[in-house]
Amino acid sequence: MRESTLLAWRSSPTRLREDAATEADLAAAGYRDRLLTELAQNAADAAARAGVPGAMRITLDGTRLHVANTGVPLDQAGVQALSALRVSGKDTDGGPVVGRFGVGFTAVLSVSDEVEVRSQTGSIVFSAERTRDELRAAGLDEPERGVPVLRLVWPTDAAPAAGFDSEVVLALRPGVDGEELLRQLAEDAPDLLLELPALASIELADQTFTRSERPLADGLTELRVQVAPLPSVGERTWWQYSAAPSARWAVPVSDGRVRPVSADVLRAPTRSDEELSLPAILIADAALQPDRRRLMPGAALEHLADGYADFVAALPESQRLRLVPLPGFARGEVDAVLREAVLRELTGNAWLPGADGMALVPGSAVVLPGLTAELADLLQDVIPGLLGPALSTEREAQALSAVGVHRIGLAHLTELLAGIHREPGWWGRLYVALEPLVVDSVAAEELAAIPVPLTDGRTVTGPRTVVLGHDLGALGHGIDAHGVHWIRLVHPDAAHRLLGRLGAGSASALDVLADPALRSAIEDIDLDDPTAASELAEPVLSLSAVAAAAGDLPGWLGQLPLPDEDGMLRAADELLLPGAPLARVLAADSPFGTVSPKLVERFGEAALRGVGVGWGFTVLRADLPTGPEQDLDDEDAWWSTLEEDPEVLLAVRDLDLVDSCAWPEALGLLAGEPATAALLSDRIGYTAWWLRRHARLGGVRLGSMRRPDDHTFEGLLDVFEHPDAAALSGVVAADRVDGVEMAELLLDRLADRDRDPGPAVVARTHRLLAEATASGILDLDELSPPAAVRTLSGQLADPAEAVVLDRPWLAAAVPSELLVVGDLPSAAGLAELLDLPPASEAIRGEVLGAGRRVSAWDREPAAVLAHIALGLPLPEGTLVVHDRLTVRLSGAVRGDVELPWWVDEEGRTHCTERGLLAGAEPAERPCPGAEPAERPCPGAEPAERPCPGAEPAERQDLERGRPDAD
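Position one of the sequence shown corresponds to residue 20 (our numbering), numbered consecutively onward.
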């Protein structure tokens with residue numbers, strides 16, 4: 020072989036230069052940096068031909084690099100191929116081979132000029148130095164590109180390393196760093212084990228790269244390359260799929276998740292220079308040019324994408340879109356062709372996981388961004404082709420768009436939901452699942468027309484026309500399909516706060532029951548139609564159990580027809596609960612019946628009481644009433660006592676139905692119930708007013724009785740004796756005169772000879788009557804003067820003889836059996852009320868004698884001492900001091916009387932030494948009833964304080980006057 024080659028060179032020196040140039044080009048360009056790749060390909064082919072797992076071992080012995088492998092050893096055809104250009108000695112009939120051009124071995128020349136190939140069947144060596152010697156011996160010049168090293172071969176006796184069938188030994192050229200070379204080779208080792216299935220392991224210095232495979236589901240294979248002695252360091256894993264005989268796809272995997280590649284090259288099967296932007300590694304049987312870097316012009320590529328969809332479908336659902344090529348610029352013509360073919364493969368096959376578990380073709384699939392597992396479960400039979408939640412995230416949107424998946428929003432979803440029929444619980448779960456998707460006002464507007472199920476069985480469009488019952492979850496009884504029909508109430512099973520965000524109103528059970536539409540529905544019920552009445556009563560009673568605890572229900576709910584114990588329909592407020600204590604106090608002819616026990620068992624007492632079924636007394640409520648229209652007993656008379664219409668009328672009903680003998684127990688019932696007890700203290704309210712006017716204990720009207728602890732009218736009013744008297748204070752007489760009825764009662768009792776009030780009670784009663792007159796509470800046109808008046812002595816007097824005390828100095832001058840006393844400031848009003856003359860008008864007095872001396876208040880030690888002791892300012896004015904003060908009276912009282920003090924018509928104060936204390940009232944205080952022109956009365960006495968020294972005076976010829984007296 021060597022002689023024939025030399026002969027050819029000698030015959031044609033041009034051939035020598037051609038061989039040298041070709042070899043130099045292949046080593047410097049075509050097979051640069053492919054040393055391990057080409058040797059690994061040869062090792063893989065040898066192992067495949069031998070049918071054994073391929074193994075390589077690479078070691079560095081000084082400046083010699085040893086690359087040993089297992090497999091078919093070197094034969095004569097192999098030697099010929101190694102020493103020839105573009106001639107391969109590999110037999111393709113025995114199976115697929117990687118190297119087929121016979122030029123890849125030139126890669127060894129990138130690091131060595133002395134190459135030895137050792138084999139079990141014989142060894143050869145290539146040497147640049149020995150080739151130069153042969154050229155000199157043949158008289159040939161060395162070409163400018165250097166000698167062709169791999170054309171002349173010499174035999175050698177060296178054997179391959181033990182355990183291997185072949186070994187390539189390279190004497191590294193000066194300048195080649197052996198350690199750096201090993202590091203570079205180590206970087207290529209994992210990829211070579213991926214690309215070359217026939218190669219099982221590569222031992223490189225102190226590291227061993229081992230390839231292992233494990234079958235997975237759906238045609239996937241897990242390929243793992245581990246590095247000994249530390250398998251976890253540098254370990255790499257791929258999932259690979261053989262899509263077609265001519266192509267394999269692989270994707271790196273870490274922690275069970277695919278890691279798409281961002282940039283790679285076509286591998287045929289080892290790395291070429293054709294750059295790709297596909298997310299997976301393509302290892303294919305492609306037509307490459309001899310240097311294995313570029314595809315042959317016109318090489319077919321589209322078929323390599325066949326089966327890619329199956330590869331993607333074999334991946335976990337949540338990771339499939341990671342292998343969709345995203346839009347972007349192709350890295351070259353080959354990349355563009357393959358990207359288009361892969362996308363065509365993906366868009367034309369079913370591999371997308373649907374929400375129903377079926378594989379979908381992208382063109383017929385739709386995605387709802389943000390879809391959750393709960394939402395997918397609800398919508399999978401509503402939206403055909405709906406993708407599962409794993410592919411519905413925003414991260415996957417670009418990939419889905421790349422394969423033509425249709426994206427729908429909440430507005431489109433709303434359109435798809437229109438017209439479908441589902442049970443209310445399904446809608447409730449849908450609202451729960453949709454809530455996380457409503458992140459702004461735009462999303463809320465898109466759901467504005469979403470269907471909403473109502474309690475009456477209808478499903479309406481849009482939440483803005485419905486109301487949510489925010490406390491209906493507490494219902495103890497369900498509402499049937501024909502439940503709350505008078506308003507658009509969302510079914511409790513579908514109620515969710517999302518509807519509120521979308522515009523639904525909010526209503527409590529109390530609001531639902533207070534709706535005017537319900538009142539109309541109740542009024543429209545035919546008492547001869549028990550079915551319609553029952554259909555309305557069921558939701559009302561269900562709501563009543565909740566609403567009654569939240570506040571007062573409208574009184575008109577008492578018109579709700581309910582069956583009594585005999586099955587007859589009656590208004591709820593005409594029925595009592597079984598065993599109701601109210602029944603014990605009602606008159607025998609009361610119109611009340613007993614509600615059906617079945618209703619009590621089903622809905623409970625609270626629900627029935629809420630709509631007016633009685634247990635105790637019922638409280639009627641009317642908002643903004645405008646007149647006596649509540650059908651209450653004697654309502655017109657009570658309304659006439661009001662100064663203005665009340666904003667809210669609260670009143671106990673049916674008081675007129677109480678048996679007259681049962682009032683003690685009836686009052687106990689009223690005081691024992693919080694709702695009714697609160698009305699008993701409201702004196703101007705209907706309830707307390709009616710009880711004062713009509714209720715009786717022992718035949719005595721409550722309004723004419725007084726509280727046990729109230730002594731204001733003691734002796735005039737009887738004591739109200741009842742265990743709950745403290746709670747019933749508003750139903751008995753007040754401690755003041757609050758109206759004409761009270762004034763009439765007190766005037767009658769004052770004139771009653773069987774009554775024996777004390778003087779203080781009499782004076783206080785007169786004062787209160789006078790104050791009520793002065794303040795306008797009493798209209799004197801509505802009162803008649805009494806036939807007799809009560810005097811200070813407690814005796815009854817003829818009004819024609821009695822006078823009202825209106826001046827303090829007259830107190831000692833008028834006999835007590837003729838003197839009517841209230842207090843001085845209100846004396847004029849009392850006189851007008853009783854039609855009596857004031858004492859100052861009915862009696863005249865003349866002071867007899869000039870007095871011992873004329874003095875002034877500040878000149879009298881006793882007067883000064885008295886004012887200091889009482890803490891009063893010293894009055895001004897003239898003071899006439901008498902040893903004995905005698906006044907001659909005329910008019911209603913006649914005669915001479917000795918008095919401690921007196922004020923004459925000129926306003927001068929006359930007093931004895933003992934009487935100085937009586938004048939200790941500030942003189943500036945006007946006399947009651949005095950005309951403005953009159954000067955102040957010095958020494959005016961406080962109204963309630965008796966005049967000191969006013970013990971009975973000696974009267975000389977004192978007699979009562981008569982109306983016709985002078």
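In this text, a Cβ means the ideal position worked out from N, Cα and C, and glycines have one as well.
Residue i - containing alpha helix (DSSP H), residue span
i: V71; result: Careful: V71 lies outside any alpha helix (DSSP H) and carries neither H nor E.
i: P443; result: P443 to L453
i: A540; result: P535 to E542
i: A625; result: E624 to G629
DSSP-derived helix/strand/coil call for residue i
i: L26; result: helix
i: V270; result: strand
i: Q649; result: coil
i: I887; result: helix
i: L35; result: helix
i: D530; result: helix
i: S794; result: coil
i: Q146; result: One point to set straight first is that residue 146 is Ser, not Gln, in the sequence displayed. Three-state DSSP puts S146 in a strand.
i: R21; result: helix
i: H901; result: strand
i: M75; result: strand
i: V503; result: coil
i: N88; result: strand
i: T931; result: strand
i: T660; result: coil
i: E917; result: strand
i: R809; result: strand
i: L824; result: coil
i: H1037; result: Because residue 1037 is not part of the residues shown, which for the chain are 20 to 985, the question remains open.
Unbroken beta strand (DSSP E) run spanning residue i, endpoints
i: S17; result: The chain is shown from 20 up to 985; residue 17 falls before or after that span and cannot be answered.
i: P248; result: Element bounds for P248: n/a, residue is neither H nor E.
i: L588; result: L588 to A590
i: E865; result: I862 to L867
i: Q259; result: R255 to A263
i: T480; result: T478 to T480
i: S220; result: L218 to L223
i: E293; result: R290 to L295
i: P309; result: Per DSSP, P309 belongs to no beta strand (DSSP E) and is neither H nor E.
i: W173; result: W173 to T175
i: L581; result: P580 to P582
i: R603; result: Counting along the chain, R603 falls outside any beta strand (DSSP E), though it belongs to the alpha helix (DSSP H) covering L601 to V604.
Cβ separation of residue i and residue j, assumed to be a contact under 8 Å, to the nearest whole Å
i: R871; j: H901; result: 6 Å
i: V840; j: A888; result: Contact doesn't hold; Cβ gap of about 26 Å is too wide.
i: D210; j: T140; result: Not quite, the Cβ-Cβ distance comes to about 31 Å (not below 8 Å), so this is no contact.
i: L191; j: T82; result: 5 Å
Residue(s) in a DSSP beta bridge with residue i
i: S337; result: The partner list for S337 (beta bridge, DSSP) is empty, contrary to what the question assumes.
i: P234; result: T240
i: T229; result: S220 and Q245
i: P1067; result: It is not possible to answer for residue 1067, since the shown part of the chain is limited to 20 through 985.
i: E186; result: A87 and R137
i: S131; result: L191
i: E733; result: L736
i: G524; result: V486
i: V780; result: Paired residues: none, contrary to the question.
i: T433; result: Looking at the DSSP assignment, T433 forms no beta bridge with any residue, so it has no partner.
heavy atom of the ligand ATP below 7 Å from residue i C-beta
i: R311; result: In terms of ligand content, the structure shown is empty, and the ligand ATP therefore cannot be addressed.
Review point. Per the contact definition of three or more C-beta pairs closer than 8 Å, is the region 334-354 in contact with the region 415-424?
Key: yes
Review point. Is the region 800-813 touching the region 745-752 in the sense that three or more CB pairs, one from each, lie closer than 8 Å?
Key: no
Check your understanding: Is the region 200-216 in contact with the region 284-301, if contact means three or more CB pairs nearer than 8 Å?
Key -> yes
Review point. Is there contact here, the region 541-559 with the region 580-599, by at least three beta-carbon pairs under 8 Å?
Key: yes
Check your understanding: Any contact of the region 715-723 with the region 638-651, i.e. 3+ C-beta pairs under 8 Å?
Key -> no
Check your understanding: Is it a yes or a no for the region 917-937 touching the region 878-897, going by three-plus beta-carbon pairs under 8 Å?
Key -> yes
Review point. Below 8 Å, can you find three or more Cβ-Cβ pairs linking the region 388-395 to the region 453-462?
Key: yes
Practice item. Inspect the CB distances between the region 215-229 and the region 59-70 and report whether three or more fall short of 8 Å. Key: yes
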